[in-house]
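K.L.:
Protein chains in written order, with the working numbering: chain S, 19 to 82; chain F, 1284 to 1505; chain H, 247 to 741; chain B, 237 to 487.
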Amino acid sequence: MNVLAILMIGGVLAVPAVGLWALHWASCNGEFRLIDRAALLPFDEEEPVGQPTDLILNRHSPTT
Amino acid sequence: MRYGPLLFLGILFTLASSWVGLVLMPNRQLGSLVANSSTNATGAIVLYPQARSGEAQQGAEHYRSLGCIYCHSQQIRPDGFGSDIARGWGKRRTVARDYVYDKPVMLGTSRTGPDLTNIGERQSDYAWHYAHLYDPQITSKGSLMPPYPFLFQKRKMGQGGPSPDALKLAGEFSVGEGWEVVPKPAARQLVEYLRSLKTSFDLPEAPLPKAAEVTDAQPPAK
Amino acid sequence: MSSPSKTFSALMPGDLPEDSSKRALLAEIDASCRVPVLFFVVSGLLWLLAGTALALVTSIKLHSPGFLASWEFLTFGRVRPAHLNTVIYGFASQTGIGVTLWLMCRLCRVPFVAPGLATVAALFWNIGLTVGVVGILMGDSTSIEWLEMPRYATPILFVSYALVAVWAVITFRLRQERQLYVSQWYLLAALLWFPWLYATAQIMLLIDPARGVVQAAVNWWFAHNVLGLWFTPIGLAAIYYFIPKVIGRPIHSYYLSVLGFWSLALFYNWNGLHHLTGGPMPAWMITVSIVASVMMLIPVTTVAINHHLTMWGHFEKLRHSPTLRFVVLGAVCYTATSLQGVANSFRGISEVVHFTHHTIAHAHLGLYGFFTMVMFGSLYYIVPRITQREWPSLGLISIHFWGCFLGLVLYVAPLSLGGILQGLAMNDASVPFMKVVEGTLPWLQIRTLAGLLLALGHVAFVANLVWLLARVFGPYRKPVVAILTGIETPAIAGK
Amino acid sequence: MDRGEATDVTAMHAAIVRERPDPVEGHEPLNLWVVVFIAGLLFWAGSYLTQYSGGFRSDEFSEAQINPAPPPVEAGGGADDPAAKAAKEGAIVFSTYCAACHQADGNGVAGQFPPLAGSEWVLADGPNRMVRIVLNGLKGPIKVKGGDYNNQMNAFRDSMDDRQIANVLTYVRNSWGNKASPVTAAEVVAIRTAEAARTGEWTAEELEKIPASGGTAEPAAVGTLTPEALKEALKKLSPDDLKALLQDVSK
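(1) Using a Cβ-Cβ cut-off of 8 Å, state whether residue 53 of chain S counts as contacting chain H.
(2) May I have the straight-line CA-CA distance separating residue 1433 of chain F from residue 307 of chain H, to the nearest angstrom?
(3) Where in the segment 590-677 of chain H do unbroken runs of the alpha helix (DSSP H), each at least 4 residues long, occur, reported from the N-terminal end onward?
(4) For residue 1438 of chain F, which three-state DSSP category applies?
(5) What would DSSP say about residue 417 of chain H, mapped onto helix, strand or coil?
(6) Could you give the DSSP three-state label for residue 377 of chain B: helix, strand or coil?
(7) Out of B:432, B:349 and B:480, point me to the one whose CA is closest to residue 183 of chain B's CA.
(8) Could you name the residues of chain F that residue 353 of chain B contacts, counting a contact when the two beta carbons are closer than 9 Å?
(9) Closest Cβ-Cβ distance between residue 388 of chain B and chain F: below 8 Å?
(10) Write down the C-beta distance between residue 281 of chain H and residue 365 of chain H rounded to the nearest angstrom, noting that I regard them as a contact closer than 8 Å.
(11) Report the rounded CA-to-CA distance for residue 447 of chain H versus residue 292 of chain B, giving the unit in angstroms.
(12) At 7 Å on the CB atoms, spell out the chain S contacts of residue 423 of chain H, in chain order.
(13) Strictly under 8 Å for the Cβ-Cβ distance: is residue 396 of chain H near chain F by that measure?
(14) Whole angstroms is fine: what's the gap from residue 1295 of chain F's alpha carbon to residue 478 of chain H's?
(15) Consider the Cβ of residue 1408 of chain F: report whether some Cβ of chain B lies at a distance smaller than 8 Å.
(16) Taking a contact to mean a Cβ-Cβ separation below 8 Å, would you say residue 295 of chain H touches residue 704 of chain H in this structure?
(17) Take residue 510 of chain H as the anchor and find which of H:476, H:487 and H:527 has the nearest alpha-carbon.
(18) For residue 529 of chain H, return the contacting residues in chain B, with the cut-off set at a CB-CB distance below 7 Å.
(19) Does residue 1305 of chain F come within less than 8 Å of chain S when only Cβ atoms are used?
(20) Strictly below 8 Å CB to CB, what residues from chain B border residue 1395 of chain F?
(21) Residue 25 of chain S by DSSP, collapsed to three states: which one?
(22) Could you tell me the distance, in whole angstroms, from the CA atom of residue 1570 of chain F to the CA atom of residue 449 of chain B?
(23) Going along the segment 323-337 of chain H in order, which residues come within less than 8 Å of chain F, judged by CB to CB distance?
(24) Of the choices F:1289, F:1482 and F:1314, whose alpha-carbon is the least far from that of residue 454 of chain H?
(25) Could you check whether the segment 1365-1381 of chain F touches the segment 1302-1318 of chain F, counting it as contact only if at least three pairs of C-beta atoms, one from each stretch, sit closer than 8 Å?
(26) Chain H partners of residue 76 of chain S, CB-CB under 8 Å?
(27) Going straight from the alpha carbon of residue 1373 of chain F to that of residue 57 of chain S, what length do you get?
(28) Which of the three DSSP states, helix, strand or coil, is assigned to residue 484 of chain H?
(29) Does the distance from the CB of residue 467 of chain H to the CB of residue 1300 of chain F come in under 8 Å?
(30) Please state if the CB of residue 432 of chain H and the CB of residue 375 of chain H are separated by a distance shorter than 8 Å.
(31) Output needed in chain order: residues of the segment 379-409 of chain H with a Cβ under 9 Å from some Cβ in chain B.
(32) Cβ of residue 1361 of chain F less than 8 Å from any chain B Cβ?
(33) Please report how far the alpha carbon of residue 1336 of chain F lies from the alpha carbon of residue 1477 of chain F, in whole angstroms.
(34) Answer with yes or no whether the minimum CB distance from residue 37 of chain S to chain F is below 8 Å.
(35) Going by beta carbon distance, what residues of the same chain come within less than 8 Å of residue 358 of chain B, once the five residues before and after it are set aside?
(36) Cutting at 6 Å between CB atoms, please list the residues of its own chain near residue 335 of chain H, excluding the five before and the five after it.
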C-alpha cells in the first residue's frame, strides 16, 4: 500500500519531468524551428498551393 | 515538428495518464471490495450482497444473451437526482458494493423500460413475469418491450387440465381449446434471476432511510 | 468480401494508362495503394449496407415491438448490438483504416510498403468480424456496450489490427518527408492508442473480469475513447488534409493545429466516466470526467476556428466538390456534437438526458454526422485516384449527399428533442412510466423514416462505387476532362 | 483528377488570384483571446475538481454540494401536513408494488388482474379484508365488479411496514373515483398481530366470512389467536398438560 503510494507520487513527479526534458531536447534539436512549414505538406509541384482539386459537380453554374 | 520521438512520447504519456487514473486507480480502490456483514434485529449475521443461486445465475446469462441491458438499467441514482427513488425503483442509491458478484456488471445506459435494480422485491410473482415475458401487452398495455415467445412452449393440454405453471391466457392472447403455453427452463431461470435482484439492504456507505423517518409520519386519524 | 477480392485480379497496377507513367511520385503512390486500400474500403462499405439493414430492423422494433419478434436471433437485444458492432468495427474502422493507409503513404511520400501485409490484415479483420457478429446474433453477446463481440472473435481482430499498426510504424520510419503534417500526428496517435485501449478492455472485461463496478469504469473508459482516440483523430486527420487540399490553400494557423492536437490528446481520454453520473461510482471519478469533458472546449474551439478560417472565402467550392461537401459537413457536425457532449456531461443536464434516446441521437451526430461524413468525402477523393477512374454518375453523388444530409437532420434533431422530453417526464415521479414510454413513440417513428433516407444515400453511394469498379475491368476511358469541362459524357448521359 | 483539373484554367487562375492577398497562411500566431479563454477554463477546472471530488475517497459516492438531497420521501411532500405525506407515500408504494398488475389507472387487466377502481372489495366500509389480502396475499377464484378472476397475489407482509400498507390502502380507497375512509397504521398493526399465525394466501371464501369493518373478526371464523381465545383454550387443558405446555413455552 505505502509502496504503491510512493510509486504513484514518484510517477506523478517523474512524468512531467520527463516531459519537460523531452521538450528541452526537442527545442535543442530544432523540432520547433519553422514548425509552420509543415502546413504546406499536402501540396507539391503537381498539386501546388492555389490549385483547387476535385471540383466535379455543377460545372455549368455561372459562379465559376 | 520534424522528428517522431517527441510525438511518440506525448502519445504515450497522454493515454497513460487516464489509464492510471480511470483504470488502475478504480481497480485499486474497488477491485477487492467484499460483501458487507452486519447483524440484523434478531442478532443473526447478514451477508450482503450474496452470490446468486445456480438457477438465478443461469438466468443472468439469458439476461446477458438476450440483451435486456439495452432497455433496462440496474442502478439507482441518489435521492433527489432523477426520480429513481421517488418512483419506488429502489429504497436507496446503489453503490459499488451492490455489484461485487456481477459478471458482467450490467448497469445499463438506457431506460426505454423501467429500472430493474430492485425488481425482485417490487414484483416477485412468477405468473406475472411469465405473462409479461410471453407478451408484455398482457400485463402492460402499450409497452415497447418485445414479446419472447421462444422462451415458452405451446403444447397439448394433458388429461388433468392445464399444468400448474401454464400461463393463464384469455381473450386475444388465448391459444385455443386443449392447448396450453408453459415456460421453458430458460424462462424460469430468467424469472429466478429477476426475482434475485434486490438491493433493500443497509450498507454503511449507503444506509436505507432510517426507521425514525419511517414512523414519524402517521396517516390522518379517521 | 468476395466481390472485392475478385475485383483485385483486374486491379493490379498493370493496367495503368500510358500517359499516367508521366506522372511522378503521386501516381506511383496512388497506384501502389490500390489493392489494400480498396480491400479495406469495399469490405467496409459492404458492412455499412449490412449495418444499415440491421439499423432499420432495430429502429422498427423499437416502435413496433411485434416486428420479427418470434425469432430468437432477431430479438431487439441482439440486433441492436449486432448493428453497433457492424458499423463500428465493420464499416467505420475498416474505412477509417483504408483512408489512414492512403493518407500515410501520401504524407510520408512513400509508395505503399508491403501491400500483402495490409491485405492479409484486412482479410483477418473481416473474418474476425463475421465470427463476432454471428456470435452476437447466436446469443454470445457479452452485453458490455461497444465490446459485445464474444471472446472467441476478438483475438482475430486484434492480430489483424496489430498488422496494420506494424505497417504504419514501418511506413513512418521509411518516410521521405521529414516534416510531419498535423494529419500524421492524429493518424499515428490513433494507430497507437487503439491497441492499448482494446487490449486493456479485453483483459479487464472478458479475459479476467475485474471486480464489480471496476468493469463499468473500464467499459466507459474504453467506449468513450474509441470515439475520442480512434475515430475522432482519423476524422480530424482527414479534415486537416482534405479541406486545404481541395480548396488549394494551406490550413489557416498551424499553431492552432498544434494546440488542438495536444489539448485533445490531454483531455479526451479522461472523458469516459461521465456516462456513469449518478451511478455507483465514487464521486471523484465522475467529477474528473466532467472536468475533462468541459476541457474539451479547448480542442474543439481551436479546431473549429482553424477550419472555418481556412474555408473563409472558399465556401462556393462546396457546390462543386463532393469531397468538400461531405468533409465540411463532417467538420460542422464535429463541432456540434462536441459542444453537445460538453453540455450533456454536466450533472444537472445529465440528470435529464442520461438513460434517454437523447444519448443515441448524440452518438449518431458524432459517429455518423462527423466521422462517416468525413469518410464519405475522403472516399470521393481517394477512389478515383487509386483506380484511375472517375465517378460514373454525378447524379448518384447528389442522391448520396442529400439522402445522408436530410436523413441526418431528420434523425438527430427530433430524437434529441424527444430524448429531452422523455428525460423531463421520467424525472417527474407523478407521470406514470407507461406515459413516458408512449411519449417517445412519435420520435422513434420519425427515426425510422430518417433511417430510410440514410439507407437510400448509402445504396446510391455503393451503386456508384460498384459502377466505377466495374469500369476498371473495361478499357481505360478518359472521362475526367470531359466531366470537369461540363461536356456530356457517357456517364452523365447514362444517369 | 489531376490532369483534368490542370486543364481547368479558369478555376485555377481564379483560385491563384484569391491566394495573393493572403501570403502568410499557416503562419497565423495564436489569438490572445484563445489564451485567455483557456486560462479561464483551467481555473474553473481546478476549483470544480477540488470542490466536488469527495476527497478522492472510494466510499464517497455523493457530491452533496451539487445535489443537496431533499429530505427522504417519507418526510417530504406537502410540508408537515400528514395527510399529504400519507397520500404521497401511498402513491409511491402503489407504483412500486401494485401498479405492475393492477395498472397505474387501477383498472387491472381483464381476465388477469382484478380492478381496484370501483371494486366492491376496495370500497367495503372497513379495511379488514384488504389489509389481510395485502399481508398474506390471495389466490383462487374471486369475483370483482362482476368479472371472474383466478390468479395469485403474493404476500407483502415483509416488504411493506404497517404505515406503508395503511397509506397505500388509503391511496387505493381514494383514487380513480374511489371514495372511502382512510386506513390507519393502528388498524394494520392490529390485524397483523391477530393474523401472526396465518401462513399462505387467503381465498375469497375465507375472506367473505370476515366482517368488512369493525374490530378483528371472531377467532373461530379464521383461527386467529386473541388473548381471550387463548385463555378459553388453556382452561380446557388438564393441569399436567398445562404445566408441560408452560415449560415447553418458557424454554
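Ideal Cβ positions, reconstructed from N, Cα and C, are used throughout, including at glycine. Since the structure is predicted, the reported quantities are computational estimates derived from the model, not experimental observations.
P.N.:
Let's see:
(1) On the first sequence, position 35 is the one that residue 53 of chain S refers to. Yes, its Cβ sits closer than 8 Å to a Cβ of chain H.
(2) Locating residue 1433 of chain F in the second sequence gives position 150, where the first residue counts as 1. Locating residue 307 of chain H in the third sequence gives position 61, where the first residue counts as 1. Spanning the two alpha carbons is a distance of roughly 17 Å.
(3) Counting only runs of 4 or more, we get 593-599, 603-610, 619-633 and 640-672.
(4) As a working note, residue 1438 of chain F is residue 155 in the second sequence. If DSSP states are grouped into helix, strand and coil, residue 1438 of chain F belongs with the strands.
(5) Mapped onto the third sequence, residue 417 of chain H falls at position 171. DSSP places residue 417 of chain H in helix when its eight states are reduced to three.
(6) For this step, residue 377 of chain B is matched to residue 141 along the fourth sequence. Residue 377 of chain B: strand per DSSP, three-state reduction.
(7) Any property of residue 183 of chain B remains undetermined from this structure, which presents chain B solely from 237 to 487.
(8) As a first step, residue 353 of chain B must be located in the fourth sequence, where it is residue number 117. Here the premise fails: no neighbours, minimum Cβ distance about 15 Å.
(9) Residue 388 of chain B sits at position 152 when you count from the first residue of the fourth sequence. At a cut-off of 8 Å between beta-carbon atoms, residue 388 of chain B makes contact with chain F.
(10) Taking the first residue of the third sequence as 1, we reach residue 281 of chain H at position 35. Taking the first residue of the third sequence as 1, we reach residue 365 of chain H at position 119. The pair is a contact, with the Cβ atoms about 6 Å apart (cut-off 8 Å).
(11) For the purposes of this step, residue 447 of chain H is taken as the residue at position 201 of the third sequence. For the purposes of this step, residue 292 of chain B is taken as the residue at position 56 of the fourth sequence. Distance between the alpha carbons of residue 447 of chain H and residue 292 of chain B is about 23 Å.
(12) Counting from one through the third sequence, the residue named residue 423 of chain H turns up at place 177. Contact of residue 423 of chain H with chain S by beta-carbon distance below 7 Å involves 59.
(13) Locating residue 396 of chain H in the third sequence gives position 150, counting from the first residue. With a threshold of 8 Å between beta carbons, residue 396 of chain H makes no contact with chain F.
(14) Start at 1 with the first residue of the second sequence, and residue 1295 of chain F comes out as number 12. Start at 1 with the first residue of the third sequence, and residue 478 of chain H comes out as number 232. Approximately 17 Å, taken between the alpha carbons.
(15) Stepping through the second sequence from its first residue, residue 1408 of chain F is reached at position 125. Residue 1408 of chain F has a beta carbon lying within less than 8 Å of a beta carbon in chain B.
(16) Locating residue 295 of chain H in the third sequence gives position 49, counting from the first residue. Locating residue 704 of chain H in the third sequence gives position 458, counting from the first residue. Yes, these two residues count as a Cβ contact at 8 Å.
(17) Locating residue 510 of chain H in the third sequence gives position 264, where the first residue counts as 1. If we check each option's Cα against that of residue 510 of chain H, H:476 comes out closest.
(18) On the third sequence, residue 529 of chain H is found 283 positions in, with the first residue counted as 1. Going along chain B in sequence order, the residues near residue 529 of chain H (Cβ under 7 Å) are 288, 289, 290, 296, 297, 298 and 299.
(19) Taking the first residue of the second sequence as 1, we reach residue 1305 of chain F at position 22. Output row for residue 1305 of chain F: interface = no.
(20) As a position in the second sequence, residue 1395 of chain F is number 112, starting the count at 1. Simply none; closest approach about 17 Å.
(21) On the first sequence, position 7 is the one that residue 25 of chain S refers to. Here residue 25 of chain S carries a helix assignment [DSSP, helix/strand/coil].
(22) Chain F is shown from 1284 up to 1505; residue 1570 of chain F falls before or after that span and cannot be answered.
(23) Here the close residues are 323, 324, 326 and 327.
(24) In the third sequence, the residue the question calls residue 454 of chain H occupies position 208. Closest option to residue 454 of chain H, Cα to Cα, is F:1314.
(25) Yes, since at least three Cβ pairs between the segment 1365-1381 of chain F and the segment 1302-1318 of chain F fall closer than 8 Å, the two stretches touch.
(26) Position 58 of the first sequence, counting from 1, holds the residue named residue 76 of chain S. Neighbours of residue 76 of chain S on chain H, chain order: 565 and 566.
(27) The count along the second sequence starts at 1 and reaches residue 1373 of chain F at position 90. The count along the first sequence starts at 1 and reaches residue 57 of chain S at position 39. Going by the C-alpha atoms only, they are around 57 Å apart.
(28) Mapped onto the third sequence, residue 484 of chain H falls at position 238. DSSP places residue 484 of chain H in the helix class (H, G or I) of the three-state scheme.
(29) In the third sequence, counting from the first residue as 1, residue 467 of chain H sits at position 221. In the second sequence, counting from the first residue as 1, residue 1300 of chain F sits at position 17. In this structure, residue 1300 of chain F does not lie closer than 8 Å to residue 467 of chain H by Cβ.
(30) To locate residue 375 of chain H, count along the third sequence from 1; it is residue 129. To locate residue 432 of chain H, count along the third sequence from 1; it is residue 186. Contact: no.
(31) Here the close residues number zero.
(32) Numbered from 1 along the second sequence, position 78 holds the residue referred to as residue 1361 of chain F. When Cβ-Cβ separations below 8 Å define contact, residue 1361 of chain F makes contact with chain B.
(33) Looking up residue 1336 of chain F in the second sequence gives position 53. Looking up residue 1477 of chain F in the second sequence gives position 194. Looking at the two C-alpha atoms, the distance is approximately 12 Å.
(34) Here the question's residue 37 of chain S lines up with position 19 in the first sequence. Output row for residue 37 of chain S: interface = yes.
(35) The residue given as residue 358 of chain B occupies position 122 in the fourth sequence. The residues are 352, 366, 408, 409, 414 and 416.
(36) Residue 335 of chain H sits at position 89 when you count from the first residue of the third sequence. Only 375 meet the Cβ criterion.
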